[in-house]
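Mind the numbering: the sequence shown is residues 122 to 253 in this note's numbering, read in order. We put the CB at the ideal spot given by N, CA and C, even for glycine. Worksheet: one structure, shown below.
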Amino acid sequence: MLSRLGIGRRRQYRNALSSLSINKVLTDDRLIIKDHIIEFYSNLFSSDPSRVYTELSVVKDVIPSLVNDVNNAFQISIPSMDNIYDAVFDMDVASAPRPDSFSRRFYQCCWEVVGSYMVFAVQDFLCTGIVF
């Protein structure tokens with residue numbers, strides 16, 4: 122047991138940061154080193170809005186936008202009852218059952234009974250991101 126403690130202490134001593142170059146000035150003051158490391162990683166992992174915007178503008182200049190504002194508004198809109206109805210009735214009825222064990226034919230044949238629930242479930246999920 123004592124030998125393990127000795128090895129651990131040797132590693133700790135070997136891996137310890139005894140000096141650091143900060144702005145091209147070598148320092149061995151542990152408090153200054155500690156404060157510099159905390160500041161460095163705090164700045165690294167925080168998001169400065171001006172920096173993020175600048176970086177995003179560089180990306181926008183390099184990668185062409187394939188979606189315009191009209192297409193984007195359509196993509197993020199909540200589908201109407203008619204849209205959901207059309208999607209259900211455009212599905213292939215010969216496909217295998219879904220994980221809930223209901224075939225697509227079930228939803229089409231029983232639309233008058235389950236349609237309003239299906240529309241509510243789809244719209245609620247798209248608004249909240251939660252499946253009930």
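Grouping DSSP H, G and I as helix and E and B as strand, with all else coil, what is residue i?
{"i": "V252", "result": "coil"}
{"i": "L165", "result": "helix"}
{"i": "S237", "result": "helix"}
{"i": "S224", "result": "coil"}
{"i": "Q244", "result": "helix"}
{"i": "C231", "result": "coil"}
{"i": "I184", "result": "coil"}
{"i": "D156", "result": "helix"}
{"i": "S216", "result": "coil"}
{"i": "L123", "result": "The predicted model places L123 with a pLDDT of 47, which falls under 50 and marks its position as unreliable; any figure quoted below should be read in that light. In this structure, L123 counts as helix in the three-state DSSP scheme."}
Could you pull the start and end residues of the alpha helix (DSSP H) that residue i belongs to?
{"i": "I205", "result": "202 to 210"}
{"i": "N193", "result": "190 to 197"}
Report the partner residues of residue i according to the DSSP bridge assignment.
{"i": "S142", "result": "L147"}
Are there 16 or more other CB atoms within 10 angstroms of the CB of residue i, so buried, or fewer, so exposed?
{"i": "E233", "result": "exposed"}
{"i": "M122", "result": "At M122 the pLDDT is 48, less than 50, meaning the model places this residue with poor confidence; the figure from the coordinates comes in the next sentence. That one is exposed."}
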